[in-house]
Amino acid sequence: GAGVSQTPSNKVTEKGKYVELRCDPISGHTALYWYRQSLGQGPEFLIYFQGTGAADDSGLPNDRFFAVRPEGSVSTLKIQRTERGDSAMYLCASSPAGGLGEQFFGPGTRLTVL
Amino acid sequence: AQSVTQPDIHITVSEGASLELRCNYSYGATPYLFWYVQSPGQGLQLLLKYFSGDTLVQGIKGFEAEFKRSQSSFNLRKPSVHWSDAAEYFCAINFGNEKLTFGTGTRLTIIP
Numbered sequence: 376g377a378g379v380s381q382t383p384s385n386k387v388t389e390k391g392k393y394v395e396l397r398c399d400p401i402s403g404h405t406a407l408y409w410y411r412q413s414l415g416q417g418p419e420f421l422i423y424f425q426g427t428g429a430a431d432d433s434g435l436p437n438d439r440f441f442a443v444r445p446e447g448s449v450s451t452l453k454i455q456r457t458e459r460g461d462s463a464m465y466l467c468a469s470s471p472a473g474g475l476g477e478q479f480f481g482p483g484t485r486l487t488v489l
Numbered sequence: 004a005q006s007v008t009q010p011d012i013h014i015t016v017s018e019g020a021s022l023e024l025r026c027n028y029s030y031g032a033t034p035y036l037f038w039y040v041q042s043p044g045q046g047l048q049l050l051l052k053y054f055s056g057d058t059l060v061q062g063i064k065g066f067e068a069e070f071k072r073s074q075s076s077f078n079l080r081k082p083s084v085h086w087s088d089a090a091e092y093f094c095a096i097n098f099g100n101e102k103l104t105f106g107t108g109t110r111l112t113i114i115p
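For the record, the sequence lines run as chains A and B. For the first sequence, my numbering gives the first residue as 376, with consecutive numbering after it. For the second sequence, my numbering gives the first residue as 4, with consecutive numbering after it.
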């Protein structure tokens, strides 16, 4: 079956612009996660959804970052007033039910802020 | 504080040689432990995981890992590496709160 997909694969934007990154999880997976991976680092947790609600958003760095999952499937990570420091690979993962279940990762969106 | 450490940033091994990648953690209890591999342009793929029970766990692609409580370690091993094993390897830990905490990764280079 299809894995986790993320679009776009690459996004280049200018400082101060607004961007949206999309994640399509594996069908039927109720848990969805966003991570951010800077160059030379491991992924860092941003936010976790169980169904439509954000169960843990403790990793969002500031209020410029926001994520939604209105129908419990596709999720969008939104970044306002982008800064050069936001440049990173943004990874999405889904899991059948959350908890300790395996998280299946998408290929990521590489965001570059000029 | 809860943390995970991968001491080796980059390792080079010859094809056919054995491999051990180190992972250490800091936590007051037994965490849930994972190893992921990331190839260029690919998503993170789970190699293996440890939750409880037998401390030697087998994974995909011929990898295994051993949990050693006394050393707070979960090292990844493979008896004979193949050129296709060249990738970035991440140790990750779930400290019981849904999210994964990743190490900084070890880049593996294979030489013929």
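Glycine included, C-beta positions come from ideal geometry on N, C-alpha and C. Small disclaimer: the values here were computed from a predicted structure and weren't measured.
Item: Beta strand (DSSP E) containing Phe-77/B: first to last residue?; Value: 76 to 81
Item: Given a threshold of 16 other Cβ atoms within 10 Å of its Cβ, counted over all protein chains shown, does Leu-489/A qualify as buried or as exposed?; Value: exposed
Item: Checking the sheet assignment: what are the DSSP bridge partners for Ile-96/B?; Value: Leu-36/B and Thr-104/B
Item: Could you please tell me which residues of the segment 31 to 57 of chain B, in chain order, have their CB closer than 9 Å to any CB of chain A?; Value: Tyr-35, Phe-37, Tyr-39, Gln-41, Gly-44, Gln-45, Gly-46, Leu-47, Gln-48, Leu-49, Lys-52 and Phe-54
Item: Identify the contact partners of Glu-477/A in chain B, using a Cβ-Cβ distance below 9 Å as the criterion.; Value: Phe-37, Leu-49 and Lys-52
Item: Taking CB distances under 8 Å as the criterion, tell me whether Val-394/A reaches chain B.; Value: no
Item: Roughly how many angstroms separate the alpha carbons of Leu-398/A and Ser-450/A, rounded to a whole number?; Value: Contrary to the premise, residue 398/A reads as Cys rather than Leu in this sequence. Each residue's alpha carbon lies about 5 Å from the other.
Item: Three or more C-beta pairs under 8 Å: does that hold for the segment 394 to 414 of chain A against the segment 16 to 28 of chain B?; Value: no
Item: For chain B, is any of its Cβ atoms less than 8 Å away from the one on Val-379/A?; Value: yes
Item: In angstroms with no decimal places, state the Cα-to-Cα distance between Ala-32/B and Ile-422/A.; Value: 24 Å
Item: Can you tell me which of Tyr-35/B, Ala-68/B and Arg-80/B puts its alpha carbon nearest to the alpha carbon of Ala-95/B?; Value: Tyr-35/B
Item: Within the present structure, is the beta-carbon of Pro-383/A separated from the nearest heavy atom of the ligand HEM by less than 7 Å?; Value: Within the structure as shown, the ligand HEM is missing, as the structure has no ligands at all.
Item: Tell me which residues share the same chain as Tyr-60/B and place their Cβ nearer than 6 Å to its Cβ, disregarding the 5 neighbours each side in the sequence.; Value: The question names Tyr, yet the displayed sequence has Val at residue 60/B. Only Leu-51, Tyr-53 and Ala-68 meet the Cβ criterion.
Item: What residues from chain B crowd round Gly-473/A, counting only those whose CB sits closer than 8 Å?; Value: Glu-101
Item: Please report the straight-line C-alpha distance between Pro-115/B and Tyr-92/B, rounded to a whole angstrom.; Value: 20 Å
Item: I want to see whether chain B comes within less than 8 Å of Phe-441/A, judged by CB atoms only; does it?; Value: no
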